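Contents: one structure, followed by commentary.
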Amino acid sequence: MKIVLTSGDSGGHIIPLIAVARKIKEKALDTEFMFIGPNGKLEKRLMEAEGIATKSVMTGKLRRYFSLKNFVDVFRIPMGIIQALWHLLWFMPDAIFSKGGCASLPVVIAGWVYRIPVLIHESDAKPGMANSLLAKFSTRVAVSYPSAESYFPAEQVVITGSPLRDDINQGDKDNAIKMFSLTESKKTIFVWGGSQGAKPINDKILEVLPELLRKYQVIHQAGENNFEEVVKRAGELGIKNGREGYHALPFIGEELKDILAVTDLVISRAGSSSISEIAANGKPAIIIPLGNSGNDHQRMNAYSIAKIGGCIVLEEGNLGEHMLLAKIDEIMNNEELRNKLTENIKAFYHPDAASRIAEGIIGMIK
């Protein structure tokens, strides 16, 4: 059995693909995988670690607003489709699993041309333009949020939740304590802007970092592109990375589960995968949605969780120094609130999501 995986180049797309691929391997040991998508370092590194070959295609973004890049991307998309047709011709998979997004558009369309069954997964509370279009070329659609279900034909869609690695909530707290030389008597904050980091969150954390470190320890995923700047600016504040309770990292991989195990509060973007991983560990969270996310999906994700009392949402545009510190202290010092956030966010954890999607992909082939 051969299966093609496709998605964008963020960890929120790649890691769910890997979680589903692992489940498929458990159910069908002889499965061969190939990833086809953008030519990025992250997906190559993560896929190669799984023994999955990668091929690249040109990709273009679908925008709802005017941009000069639209005139370039209108040519990149058809070129990407031609490249995808070539890769699929040589590999000729039995099925395609797409995590969605513009980067998977050429592969899904090429798969439709060859009449290869396609299952796409929509992570967000409201589908973006790409997945709304890709659904027309797909056999099945899996969604994370009930609110997304109504955007797809009833006979095509199923609610599964977001696929996660099986061990994401099996982290070892002691490993994290040793890794970062943490003090057990101090509470730990994990600042997490997604796999690529988030500069606006980095900036706000640096503004309040000296005050935070008087009370708490901070593990900070700054993003590979922002890491050097964050370390430099922290140094200008007299804070050395790896000392005095501050630990900045460019990227977090398999050690994520250990970090979440030791964390008392997560400050995060509102990507569906990040929220699911927080939910799997039942951690109190301050969610800061991306201000200009496509289709406003991050705000919808965040407020869907806040609606059930599962997180505190702070808008990026209103993220003042005093407000952020006040919310952090409120959560850290109010046990009743912490317990409420911990229990309510667990409703968004679907431990069988990867397995159900894997079964759906295998079912399309049979």
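Okay, so the sequence shown: first residue is 1162 according to my numbering, each after it adds one.
Note that CB positions come from ideal geometry on N, CA and C, so glycine has one too.
Just so you know, these numbers come straight off a predicted model, no measurement behind them.
Of the residues the options, the one placed nearest residue i, counting alpha carbons only
i: P1440; options: E1390, N1500, L1485; result: In the sequence on display, residue 1440 carries Ala and not Pro. It is N1500 whose Cα lies nearest to the Cα of A1440.
i: F1252; options: N1442, M1162, I1473; result: M1162
i: F1194; options: E1209, L1502, L1373, K1507; result: E1209
i: I1436; options: E1415, S1465, E1491; result: S1465
i: P1288; options: S1305, L1426, P1267, V1279; result: S1305
i: P1530; options: F1388, Y1377, E1520, A1508; result: Nothing about residue 1530 can be read from this structure; the chain reaches only from 1162 to 1527.
i: T1192; options: G1173, I1176, L1166, Y1275; result: L1166
i: D1255; options: G1198, E1368, L1498, T1300; result: T1300
i: A1337; options: D1419, E1520, N1386; result: D1419
i: G1471; options: L1426, R1276, L1207; result: L1426
i: T1424; options: L1374, K1347, Q1244; result: K1347
i: A1296; options: C1263, L1325, D1327; result: C1263
i: I1257; options: A1189, F1196, I1164; result: I1164
i: F1196; options: R1206, L1451, I1185, K1216; result: K1216
i: L1410; options: F1351, H1483, Y1377; result: F1351
i: E1385; options: R1375, A1359, L1374, N1402; result: A1359
i: I1449; options: G1403, W1353, F1388, N1494; result: W1353
i: E1482; options: L1373, V1319, I1492, A1467; result: L1373
i: I1492; options: A1446, L1475, E1415, L1421; result: A1446
First and last residue of the uninterrupted beta strand (DSSP E) at residue i
i: M1208; result: Per DSSP, M1208 belongs to no beta strand (DSSP E); it is in the alpha helix (DSSP H), 1202-1210.
i: G1198; result: 1193-1198
i: K1163; result: 1163-1167
i: S1259; result: 1256-1259
i: A1409; result: 1407-1410
i: L1426; result: 1426-1429
i: I1362; result: Not the beta strand (DSSP E): I1362 falls in the alpha helix (DSSP H), residues 1360-1376.
i: F1388; result: Element bounds for F1388: not the beta strand (DSSP E) but the alpha helix (DSSP H), 1388-1397.
i: V1218; result: Element bounds for V1218: n/a, residue is neither H nor E.
i: I1350; result: 1349-1353
Cβ shell of residue i (< 6 Å), same chain only, five flanking positions each side left out
i: Y1510; result: A1440, A1441
i: R1183; result: none
i: I1413; result: Q1382
i: T1558; result: Residue 1558 is absent from the model: the chain starts at 1162 and stops at 1527.
i: L1178; result: L1166, S1168, K1260
i: A1189; result: M1162
i: E1211; result: I1179
Extent of the continuous alpha helix (DSSP H) run through residue i
i: A1515; result: 1514-1526
i: A1264; result: Taken as a continuous stretch (DSSP letters only), A1264 belongs to no alpha helix (DSSP H), as it is neither H nor E.
i: K1418; result: 1417-1423
Sequence-distant residues of the same chain with beta carbon closer than 7 Å to residue i, five excluded per side
i: I1242; result: P1267, I1270, A1271
i: G1524; result: none
i: I1469; result: N1505, A1508
i: K1575; result: The structure shown does not extend to residue 1575, since the chain is modelled only from 1162 to 1527, so the question has no answer here.
Cβ-based neighbour list, residue i, same chain, cut-off 8 Å, excluding 5 preceding and 5 following
i: L1140; result: This structure does not reach residue 1140, given that the chain is present from 1162 up to 1527, and the question cannot be answered.
i: D1328; result: K1418
TODO: Could you name each continuous alpha helix (DSSP H) segment of 4 residues or more that falls completely within the stretch 1437-1506, going from the start of the chain to the end?
DONE: With a minimum length of 4 residues, the unbroken runs of alpha helix (DSSP H) contained wholly in the stretch 1437-1506 fall at 1458-1468, 1482-1494, 1496-1506.
TODO: Give, in chain order, every unbroken run of the alpha helix (DSSP H) that is at least 4 residues long and sits entirely within the stretch 1267-1345.
DONE: Listed in chain order, the complete alpha helix (DSSP H) runs (minimum 4 residues) inside the stretch 1267-1345 are 1290-1295, 1307-1310, 1334-1341.
Open item on the list: Taking 8 Å as the cut-off, does the stretch 1459-1477 touch the stretch 1430-1437 (at least 3 CB pairs, one atom from each stretch)?
Closed with: Taking 8 Å as the limit for Cβ pairs, the verdict is that the stretch 1459-1477 does touch the stretch 1430-1437.
TODO: Count the CB pairs spanning the stretch 1340-1350 and the stretch 1299-1315 that are closer than 8 Å, and state whether there are at least three.
DONE: The answer is no - the stretch 1299-1315 does not touch the stretch 1340-1350, with fewer than three Cβ pairs under 8 Å.
Task: Touching by the beta-carbon criterion (3+ pairs, under 8 Å), the stretch 1362-1371 and the stretch 1393-1408 - done: Touching, yes, given that three or more Cβ pairs across the two stretches are closer than 8 Å.
Open item on the list: Three or more C-beta pairs under 8 Å: does that hold for the stretch 1241-1257 against the stretch 1268-1275?
Closed with: With three or more CB-CB distances shorter than 8 Å, the stretch 1241-1257 counts as touching the stretch 1268-1275.
Open item on the list: Across the stretch 1284-1301 and the stretch 1484-1500, are there enough close Cβ pairs to call them in contact, namely three or more that are closer than 8 Å?
Closed with: With a cut-off of 8 Å on Cβ pairs, the stretch 1284-1301 is not in contact with the stretch 1484-1500, counting fewer than three such pairs.
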